[in-house]
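To start, the structure under review is shown below, and the notes come after it.
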Amino acid sequence: MTPTNSQINIIEVIFWCLALGYVAMGLVISVLEKFMPPTIRRILFYGKVAGGDFRSLMFVPKSWFRHFYIFATIWGSLVVILTIGGLSMGTIPSCFIDFLNFICGTQRTVQCTFEETLLALILLFIHILVRCYETNFTQVFSKTATMNLIQYLISFVYYFGVIVLLVCKGDGFVTGYIVTSSRDFSWRLGICCATFAFASYHQFNSHRILANLRRDRRGKVTTEGHFVPTGGYFEVVSSPHMLFECLIYFSIFGVVHWNSSWLAVMALVLANQVTMARETHLWYKKNFPNYPINRKALIPYIF
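Heads up: the sequence shown at position 167 corresponds to 450 in the numbering used here, and the numbers run straight through without jumps.
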């Protein structure tokens, strides 16, 4: 693979386009939702928010969520191994840097220390591992819940790209720079790690609460129906798991806050989670007349 002298970060451009697409979709839906055909809703969303059972070659089971977390685990493992190897060898393999040059451009500059990049990568990888575990062993997917094939494929692009954008401007990952170690662990990094741990715990607990709605006390799945979740942060928002997803990414952003490419990741995560949280909140209010009026969609007491 021979890198070209390009200033274009292809992955970053894709992420910004997807983020703008979600924002546009959210605005259109908020204005034209009453006139939107059910088929369009099924294309844009997944699971209960998408509507009724819809079987087509363009739709796949929602349980296939686990596929792109398995992919992300494999891809993330490879990058983590290369990065830790770079710490011990003093350099990242040139073939990986050439790969980054090919998809992220050769005009990249170092914006984060190697320690910041490695720490952020480890946090992201932990998040991926937890989500992989949840989708395989905790969550209970309805057999009738689907997602659009395009959404399914985009998710693979996302988990490939989010790891690439995290490391592409780190010290040691840019041509002409070697791995240097400052051994500096600031209070900022400590706060980010604590925030990540807090958000990860409560997201896991939120997913457990949702899964238990379909299980009996012995853990056996007894239903695939939908119910109003209670307990934890469900008392104040309809989608605390989405709230903590945003907080997890904010904590990683705090580690690599000089990495301008991570802004594209944050934009896409926020656009996606805000749109989905709003639609989930409206779905609960529509389908459960006695739904608690004090609950907000995503941000406690605000939105």
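Ideal Cβ positions, reconstructed from N, Cα and C, are used throughout, including at glycine.
Status (buried if at least 16 other CB within 10 Å, exposed otherwise) for Tyr-532: Numbered from 1 along the sequence shown, position 249 holds the residue referred to as residue 532. Tyr-532 should be labelled buried.
Could you tell me which residues DSSP pairs with Lys-579 in its beta bridges? Sequence index remark: in the sequence shown, residue 579 carries index 296 (1-based). Partner(s): Val-520.
Counting beta carbon pairs with one atom in the segment 296-312 and one in the segment 546-560, are three or more of them shorter than 8 angstroms? Under the 8 angstroms Cβ criterion, the segment 546-560 counts as touching the segment 296-312, having at least three qualifying pairs.
Closest to Gly-359 by C-alpha separation, out of Val-413, Ser-346, Gly-388, would be which residue? Taking the first residue of the sequence shown as 1, we reach residue 359 at position 76. When C-alpha distances from Gly-359 are compared across Val-413, Ser-346, Gly-388, the shortest belongs to Val-413.
Do Phe-408 and Val-450 come within 8 angstroms of each other at the CB atom, strictly closer than that value? The sequence position of residue 450 within the sequence shown is 167, counting from 1. The sequence position of residue 408 within the sequence shown is 125, counting from 1. Not a contact, by the Cβ cut-off of 8 angstroms.
Which partner residues does Thr-429 have in the DSSP bridge list? Start at 1 with the first residue of the sequence shown, and residue 429 comes out as number 146. The partner list for Thr-429 (beta bridge, DSSP) reads Pro-344.
Val-539 and Glu-399 closer than 8 angstroms at C-beta: As a first step, residue 539 is located in the sequence shown; it is residue number 256 there, counting from the start. As a first step, residue 399 is located in the sequence shown; it is residue number 116 there, counting from the start. Contact: yes.
Nearest chain B C-beta to Arg-501 closer than 8 angstroms, yes or no? Reference to chain B is not applicable here, since this structure consists of a single protein chain.
Outcome for Leu-493 when other beta-carbon atoms lying within 10 angstroms are tallied against a minimum of 16: Reading the sequence shown from its first residue, position 210 is the one you call residue 493. Classification of Leu-493: buried, given that the 10 Å Cβ count is 16 or more.
At least 3 beta-carbon pairs within less than 8 angstroms: the segment 350-358 vs the segment 433-452: yes
Are the segment 519-533 and the segment 471-491 touching, with three or more C-beta to C-beta distances below 8 angstroms? Touching, yes, given that three or more Cβ pairs across the two stretches are closer than 8 angstroms.
Terminal residues of the alpha helix (DSSP H) in which Tyr-584 lies: Within the sequence shown, the letter at position 301 stands for residue 584. No alpha helix (DSSP H) holds Tyr-584; DSSP gives it neither H nor E.
For Glu-295, count neighbouring C-beta atoms within 10 Å of its own C-beta (all shown protein chains included) and say buried if the count is 16 or more, exposed if not. Residue numbering aside, residue 295 sits at position 12 when the sequence shown is read from its first letter. Label assigned to Glu-295: buried.
So what does Val-440 bridge to, in DSSP terms? Sequence index remark: in the sequence shown, residue 440 carries index 157 (1-based). Answer is none; Val-440 lacks a bridge partner.
Specify, as a first and last residue, the run of the alpha helix (DSSP H) that Ser-289 falls within. Walking along the sequence shown from the start, residue 289 turns up at place 6. Per DSSP, Ser-289 belongs to no alpha helix (DSSP H) and is neither H nor E.
Provide the residue span of the alpha helix (DSSP H) that contains Trp-541, from first to last. Looking up residue 541 in the sequence shown gives position 258. Per DSSP, Trp-541 belongs to no alpha helix (DSSP H) and is neither H nor E.
State whether the segment 504-521 contacts the segment 576-583, with contact taken as three or more CB pairs (one from each stretch) at a distance under 8 angstroms. yes
Assuming Gly-369 and Gly-455 make a contact with CB atoms under 8 angstroms, what is their CB distance in whole Å? Position 86 of the sequence shown, counted from the start, is the residue given in the question as residue 369. Position 172 of the sequence shown, counted from the start, is the residue given in the question as residue 455. With 8 angstroms as the limit, Gly-369 and Gly-455 qualify as a contact, their Cβ atoms being about 6 angstroms apart.
Could you spell out where the alpha helix (DSSP H) holding Ser-489 opens and where it closes? On the sequence shown, position 206 is the one that residue 489 refers to. Unbroken alpha helix (DSSP H) run through Ser-489: 470-495.
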